[in-house]
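Notes for the one structure printed next.
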Amino acid sequence: MASPTEEVSNLEATESTSKRWADRITSQGPWQPLSDPLSYAGPPSLPMPVQISDKASLAPFFEYLRGNATGEKPEVAHEPGHEEVELLEFSKGVAYNDGRIDLCKMVTGPPNIGDLMNALRSYASGKHFLLGNNIVGPQGAREIAKFIEERPDQYETWYLAGNCIDKRGLEALVEAMIKSLVITNVWLKRNPLGADSAEALARLCTSSPVLRTLDLDQTNLGNEGVANLFNLLNRHEKTIALRHVYLNASGIGAEALTEIGKYLKHSELESLYLSCNPIGEAVALLADGVQESHTLQRLALQSCGLTGPTTAKLLEAVKGHPTLQTVDIGQSYATEDLHVRFNWLDGEEFAKSLQDLVTCSTGTGLRYLNIGYTPMTCEDLLNITEAVISNSTLVWFKVDPLVKGGKSRAEVKAGLYLKKSMHAVRERLANNVTEQYQGMSYEEFHNGPKRFLLSPPDVRYIDSVYRNRDAGMARRGLKVLDKWWEEGDETLRMVQEDCGEL
170 MASPTEEVSN
180 LEATESTSKR
190 WADRITSQGP
200 WQPLSDPLSY
210 AGPPSLPMPV
220 QISDKASLAP
230 FFEYLRGNAT
240 GEKPEVAHEP
250 GHEEVELLEF
260 SKGVAYNDGR
270 IDLCKMVTGP
280 PNIGDLMNAL
290 RSYASGKHFL
300 LGNNIVGPQG
310 AREIAKFIEE
320 RPDQYETWYL
330 AGNCIDKRGL
340 EALVEAMIKS
350 LVITNVWLKR
360 NPLGADSAEA
370 LARLCTSSPV
380 LRTLDLDQTN
390 LGNEGVANLF
400 NLLNRHEKTI
410 ALRHVYLNAS
420 GIGAEALTEI
430 GKYLKHSELE
440 SLYLSCNPIG
450 EAVALLADGV
460 QESHTLQRLA
470 LQSCGLTGPT
480 TAKLLEAVKG
490 HPTLQTVDIG
500 QSYATEDLHV
510 RFNWLDGEEF
520 AKSLQDLVTC
530 STGTGLRYLN
540 IGYTPMTCED
550 LLNITEAVIS
560 NSTLVWFKVD
570 PLVKGGKSRA
580 EVKAGLYLKK
590 SMHAVRERLA
600 NNVTEQYQGM
610 SYEEFHNGPK
620 RFLLSPPDVR
630 YIDSVYRNRD
640 AGMARRGLKV
650 LDKWWEEGDE
660 TLRMVQEDCG
670 EL
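Take the position in the sequence shown, starting the count at 1, then add 169; the result is the number in the working numbering.
What follows is the structure, given as structure tokens:
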């Protein structure tokens, strides 16, 4: 299953519709904030449309957790792609032998969350709790917090995305979580935490001794909330354990970037995900922080309305970096759904900074560089691809021209050579993979280690057969994933208002 950043997918995942995407990006052009203003509150934090499960459908799994299973037990199966992991899949609910408890998209809702947590009190083998898109609401947050209070050192991972958890629910969870000595991962994507949650989140970060991964994607923090959160973290004098922070689709602008840039200078952050935010020219505010960081390994800025000149300043900071291995400034598949803007990276200054970045021989050396669709000239792209062909560290490089060829003779000639050059790029990347991954083929790399260049190893703890299955069927055109709640559906209102009957 993809991490939050992996879910904000690259456009190259949909090759069959590449022309359509190229047309959309070209139609937008460079983002003009004055004539095309965007909200700095962030997109709505809605879970995917679901219906709450009845008790009978959940009962077999709950009874298994209690140790009282009376029906026929499922046969032991193996996790696809990870044959060493055994699992038991019930009609609703999966238990893995690596400690994952998976109820993603099974929708316990408020009526069943109490029964689930009671059942877990009898199950000693769980370490990673996956409850994505279960819309448990404030009531569910209180039930989970109560469980953590009683057993603070059992579960290391809490994946609670899409559960209608608001500030009240978050505060209850934080009060319980900071007493744990083992919680390393908290995933809160698509919960309406709001800007006022900054203080509670700062407390979670500063008071949790081993919390290394925090997912705040699409949680309505907004520019104000993110700025306040990092201002509080910057004022904290002691070392903070946090290593990976997800802030995709959070409404981030100049104020938040200023505080994040300050934090990078003194923190031990390794991964920073900022895709799908209305950043634009403010991206230059990150440059000093990135340059002074001695731990940052991954930086993602897909579909942030970036333009060439200011992004060039960021690339100057990246060049020769001692630790940075992954830079993603491509386009996000979710751009239009989230009402943000594609990147538009072109111009002589940007092309030169990109070429210098690829040819730089100091620092750790980039291994993953995604540009995606770009309006750069074919001449500039040809120079960059030729630089990649001489690079010995890159194992993933993606760039696609929005304009094929051109009017000038030089552009037409460059366009003709570019296709041949891209073939040589693929050969170089494959050779680099073979050298860096003990003879591994490029296909094996693409289906395995590539994931951990973009994401930290912690994403394995939130892999769900349910989400993987749905995503795979959607890619093959066998299933359409619902994005929007039907008008008049009262489910969300009742969950958020803590109604007893649903």
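C-beta: ideal position from N, C-alpha, C; glycine also.
Item to complete: Locate the beta strand (DSSP E) running through Pro570, then write down its first and last residues.
Response: Counting from 1 along the sequence shown, the entry for residue 570 is found at position 401. It spans 565–570 - the beta strand (DSSP E) in which Pro570 sits, taken as one unbroken run.
Worksheet entry | Classification of Val581 by the beta-carbon crowding that lies within 10 angstroms, buried from 16 upward | For this step, residue 581 is matched to residue 412 along the sequence shown. Under this definition Val581 is an exposed residue.
Item to complete: Determine, using beta carbons only, whether Ile429 and Leu455 come nearer to each other than 8 Å.
Response: Looking up residue 429 in the sequence shown gives position 260. Looking up residue 455 in the sequence shown gives position 286. It is a contact, given that the beta carbons lie within the stated cut-off.
Fill in: Inter-residue Cα distance where the pair is Ala453 and Thr479
As a first step, residue 453 is located in the sequence shown; it is residue number 284 there, counting from the start. As a first step, residue 479 is located in the sequence shown; it is residue number 310 there, counting from the start. The straight-line gap from Cα to Cα measures roughly 6 Å.
Worksheet item: In this structure, does DSSP put Ser522 in helix, strand or coil?
Response: Stepping through the sequence shown from its first residue, residue 522 is reached at position 353. DSSP places Ser522 in helix when its eight states are reduced to three.
Worksheet item: From Gly211 to Glu656, what does the alpha carbon distance come to, in whole angstroms?
Response: Sequence index remark: in the sequence shown, residue 211 carries index 42 (1-based). Sequence index remark: in the sequence shown, residue 656 carries index 487 (1-based). One C-alpha to the other measures close to 22 Å.
Worksheet entry | Backbone secondary structure at Val254 - three-state DSSP | Locating residue 254 in the sequence shown gives position 85, where the first residue counts as 1. It is a strand residue.
Worksheet item: Going by DSSP, which residues form a beta bridge with Asn354?
Response: In the sequence shown, counting from the first residue as 1, residue 354 sits at position 185. For Asn354, which the question treats as bridged, DSSP gives the partners Thr326, Thr382.
Discussion item. Can you look up Glu248 in the DSSP assignment and give me helix, strand or coil?
Written reply: Counting from one through the sequence shown, the residue named residue 248 turns up at place 79. Reduced to three states, the DSSP call for Glu248 is strand.
Worksheet entry | Distance between Pro491 and Gly458 (C-alpha atoms, nearest Å) | Against the sequence shown, residue 458 aligns to sequence position 289. Against the sequence shown, residue 491 aligns to sequence position 322. Cα to Cα, the separation comes out at about 13 Å.
Practice prompt. Determine the closest residue to Asp497 out of Leu623, Glu548, Val379, with distance taken between C-alpha atoms.
Written response: Position 328 of the sequence shown holds residue 497. Cα-wise, what sits closest to Asp497 is Leu623.
Worksheet item: Near Arg337, what residues of its chain come up, given a Cβ to Cβ distance below 6 Å and the 5 sequence neighbours on each side ignored?
Response: On the sequence shown, residue 337 is found 168 positions in, with the first residue counted as 1. Correct list, in chain order: Pro307.
Item to complete: Quick one: grab the DSSP three-state call for Asp497.
Response: In the sequence shown, counting from the first residue as 1, residue 497 sits at position 328. The answer is strand: DSSP assigns Asp497 an E or B state.
Worksheet entry | Identity of the residues DSSP links to Arg638 by a beta bridge | Residue mapping note: residue 638 aligns to position 469 of the sequence shown, counting from 1. Arg638 is not bridged to any residue.
Discussion item. Distance cutoff 8 Å, beta carbons only. Does Thr528 sit that close to anything in chain C?
Written reply: The chain inventory of the structure shown lacks chain C, comprising one protein chain alone.
Item to complete: For Trp654, name the three-state secondary structure that DSSP assigns.
Response: The residue given as residue 654 occupies position 485 in the sequence shown. Coil, per DSSP.
Worksheet entry | Arg235 - DSSP class collapsed to helix/strand/coil | Your numbering for residue 235 matches position 66 in the sequence shown. Here Arg235 sits in helix by DSSP.
Worksheet item: Start and end of the beta strand (DSSP E) containing Asp271?
Response: Against the sequence shown, residue 271 aligns to sequence position 102. Element bounds for Asp271: 269–271.
Practice prompt. Measure the Cβ-Cβ separation of Leu329 and Leu300 and say whether it is below 8 Å.
Written response: In the sequence shown, counting from the first residue as 1, residue 329 sits at position 160. In the sequence shown, counting from the first residue as 1, residue 300 sits at position 131. A contact, by the Cβ cut-off of 8 Å.
Worksheet item: Sorted by chain position, which residues of the same chain lie with C-beta nearer than 6 Å to Ser366's C-beta, five sequence neighbours on each side aside?
Response: On the sequence shown, position 197 is the one that residue 366 refers to. Contacts found: Lys336, Leu339.
Worksheet item: Secondary structure at Leu339, three-state DSSP: helix, strand or coil?
Response: Walking along the sequence shown from the start, residue 339 turns up at place 170. Note: Leu339 maps to helix in three-state DSSP.
Discussion item. On the criterion of 16 or more Cβ atoms from any shown chain inside 10 Å, does Gly617 qualify as buried, or is it exposed?
Written reply: Along the sequence shown, read from residue 1 onward, the residue named residue 617 stands at position 448. That one is exposed.
Worksheet item: So, helix, strand or coil for Ala264, using DSSP?
Response: Within the sequence shown, residue 264 is the residue found at index 95, counting from 1. DSSP places Ala264 in strand when its eight states are reduced to three.
Worksheet item: Using DSSP with H/G/I as helix, E/B as strand and the rest coil, what is Gly394?
Response: Here the question's residue 394 lines up with position 225 in the sequence shown. Gly394: helix per DSSP, three-state reduction.
Practice prompt. List the residues that DSSP assigns as beta-bridge partners of Ser440.
Written response: Numbered from 1 along the sequence shown, position 271 holds the residue referred to as residue 440. The partner list for Ser440 (beta bridge, DSSP) reads His413, Arg467.
Practice prompt. Tell me, please, which residues DSSP counts as bridged to Leu551.
Written response: Counted from its first residue, the sequence shown places residue 551 at position 382. Paired residue(s): none; Leu551 is not in a bridge.
Fill in: Cβ shell of Arg193 (< 8 Å), same chain only, five flanking positions each side left out
Taking the sequence shown and counting its residues from 1, the one referred to as residue 193 is at position 24. Excluding sequence neighbours, Arg193 sits near Glu505, Phe511.
Worksheet entry | Same chain, Cβ closer than 7 Å to Asp658, five either side skipped, listed in chain order | As a working note, residue 658 is residue 489 in the sequence shown. Excluding positions up to five away in sequence, the list is empty.
Discussion item. Residues in the same chain with beta-carbon distance under 7 Å from Thr464, minus the five sequence neighbours each way, listed in chain order, please.
Written reply: Your numbering for residue 464 matches position 295 in the sequence shown. Hits under 7 Å: Glu437, Leu438, Glu439, Thr492.
Worksheet item: Taking the alpha-carbon positions, what's the Asn446 to Lys274 distance?
Response: Taking the sequence shown and counting its residues from 1, the one referred to as residue 446 is at position 277. Taking the sequence shown and counting its residues from 1, the one referred to as residue 274 is at position 105. Answer to the nearest angstrom: the Cα atoms are 26 Å apart.
Item to complete: Just grab the DSSP bridge partners of Leu299 for me.
Response: Within the sequence shown, the letter at position 130 stands for residue 299. In the DSSP output, where bridge partners are listed per residue, Leu299 has Asp271, Tyr328.
Item to complete: Report yes if the C-beta distance between Thr554 and Gly534 is below 8 Å; otherwise report no.
Response: Numbered from 1 along the sequence shown, position 385 holds the residue referred to as residue 554. Numbered from 1 along the sequence shown, position 365 holds the residue referred to as residue 534. Their beta carbons are not under 8 Å apart, which means Thr554 does not touch Gly534 by this criterion.
Worksheet item: Whose C-beta lies closer than 7 Å to the C-beta of Ser522 among residues of the same chain, with five residues either side of it excluded?
Response: Position 353 of the sequence shown, counting from 1, holds the residue named residue 522. If we look at Ser522 and ignore the five residues flanking it on each side, its Cβ neighbours are Ala481, Leu484, Glu485.
Worksheet item: Would you say Ala410 and Pro378 are within 8 Å of each other, going by their C-beta atoms?
Response: The residue you call residue 410 lines up with position 241 of the sequence shown. The residue you call residue 378 lines up with position 209 of the sequence shown. Yes; because the gap between Cβ atoms is below 8 Å, this pair is in contact.
Worksheet entry | Beta-bridge pairing of Gly541 - partner residues as DSSP gives them | As a working note, residue 541 is residue 372 in the sequence shown. Answer is Val568.
Fill in: N- and C-terminal bounds of the alpha helix (DSSP H) containing Ile429
By one-based count along the sequence shown, residue 429 stands at place 260. That run of the alpha helix (DSSP H) goes 423–435.
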